[in-house]
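Terminal number for the sequence shown in UniProt numbering: 230, no gaps in between.
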Amino acid sequence: MTFLGLVAIAILRSDDRVAVARHAKEAVLRRDLKARGLIYPPSRIYLRGLKRERRLELWVAPSRGPFRLFKTYAVQALSGALGPKRREGDLQVPEGFYTVAGLNPRSRFLLSLRLNYPNARDRAHASGPPGFDIFIHGNCVSAGCLAMGDDAIQEIYLLSAGARPPIRVDLYPTRMTDQNWGWLAGQGDPETTRFWSILRHSYLSFDRTHLVPKFKVVRGEYVLTGSSGS
């Protein structure tokens, strides 16, 4: 066995999953970011999840200015249907605007990012206790979370750990293109369709500017308030 192989075994036996991820992924991430004119770790990252397509986009940016798409990861498992999460136990992946509330280096699913679900909008529209503990994590099983597989979560975790907070995570039912919107608008009840319409404005704003739209919650609804370039 090579020296590097012995080092890898020693790291694995240490049960330091972040060290394992660094050993496996840092050189690759550094190389790929350098090819895009960025340093490792990037100052800012933005995550955009697409439930219907089962994709998670990871965008990167320097300390100021627009984001650039770095990688698109396949979501290995997610549960529920299109539409926001309403209550604990409904197995729904949330939809809306979130931030990373914490990193767990000893997750049951290797590594994980905890989202700040429920936010004010979720609580206003909950039909009972809204639930909690929504993660982006490794492994390939999901009960309301985004399961990314172990290989992808190592990269996502390292980039999140090195980035400047807050890290925005926006979760959409689908890509909000004109074609998809024509289909999606007929899938929900009037309240859900109005909610999706607000999400669509944010989605299209980011696609146009590559700046993450700011928002606030007013009387239980998202209100877009501009874009952040820093």
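Glycine included, each C-beta is placed from N, C-alpha and C at the ideal position.
| Asked | Found |
| --- | --- |
| I think L50 touches W59, with their Cβ atoms under 8 Å apart; what is that distance to the nearest whole Å? | Not quite, the Cβ-Cβ distance comes to about 13 Å (not below 8 Å), so this is no contact. |
| Going by the C-beta, is S202 closer than 7 Å to any heavy atom of the ligand GDP? | This structure simply doesn't include the ligand GDP, nor any ligand for that matter. |
| Locate the beta strand (DSSP E) running through A74, then write down its first and last residues. | 68-74 |
| According to DSSP, which residues form a beta bridge with P213? | S227 |
| Does I153 come within less than 8 Å of chain D when only Cβ atoms are used? | The displayed structure is made up of one protein chain only, and chain D is not part of it. |
| Given that a residue counts as buried once 16 or more other Cβ atoms are within 10 Å of its Cβ, and exposed if not, what is A124? | exposed |
| State the DSSP-derived secondary structure class of T177, mapped to helix, strand or coil. | coil |
| Can the beta-carbon of K214 be found closer than 8 Å to that of G226? | yes |
| Leaving out the 5 sequence neighbours to the left and right, which residues in its chain are closer than 8 Å to Y89 when beta-carbon positions are compared? | It is Gly, not Tyr, that sits at residue 89 in the sequence shown. Excluding residues within five positions, the ones whose Cβ falls inside 8 Å are G131. |
| Does the beta-carbon of A10 have 16 or more other beta-carbons within 10 angstroms, so that it is buried, or is it exposed? | Caution is warranted here: a pLDDT of 48 is assigned to A10, below 50, making its placement in the model unreliable, and the coordinate value is therefore given only provisionally. It is exposed - the Cβ of A10 has fewer than 16 other Cβ atoms within 10 Å. |
| Going residue by residue through the UniProt domain "L,D-TPase catalytic" (45-170), where are the continuous beta strand (DSSP E) segments of at least 3 residues, counting only ones entirely within it? | 55-61, 68-74, 96-107, 110-115, 135-137 |
| List the DSSP bridge partners of V28. | According to DSSP, which records beta bridges pairwise, V28 is partnered with nothing at all. |
| According to DSSP, is Y40 part of a helix, a strand, or is it coil? | coil |
| Would C145 be called buried (16 or more neighbouring beta carbons within 10 Å of its own) or exposed? | buried |
| My guess is that R121 and L82 are in contact by the Cβ rule of under 8 Å, so how many angstroms apart are they, rounded? | 17 Å between Cβ atoms; not a contact. |
| Distance check for D207 and P105, CA to CA, integer angstroms please. | 32 Å |
| Among S142, R17, P94, which residue has its Cα nearest to the Cα of V75? | S142 |
| Nearest-angstrom Cα distance between K25 and Y40? | 11 Å |
| Would you call the CB atoms of P84 and G102 closer than 8 Å? | no |
| Verify whether the separation of the beta carbon atoms of L224 and Y157 is less than 8 Å. | no |
| Thinking C-beta only, is W196 closer than 8 Å to L211? | no |
| So, are the CB atoms of S43 and A161 less than 8 Å apart? | no |
| Please check the pair D170 and R48, which I expect to be a contact at CB under 8 Å, by giving their CB distance rounded to whole angstroms. | 5 Å |
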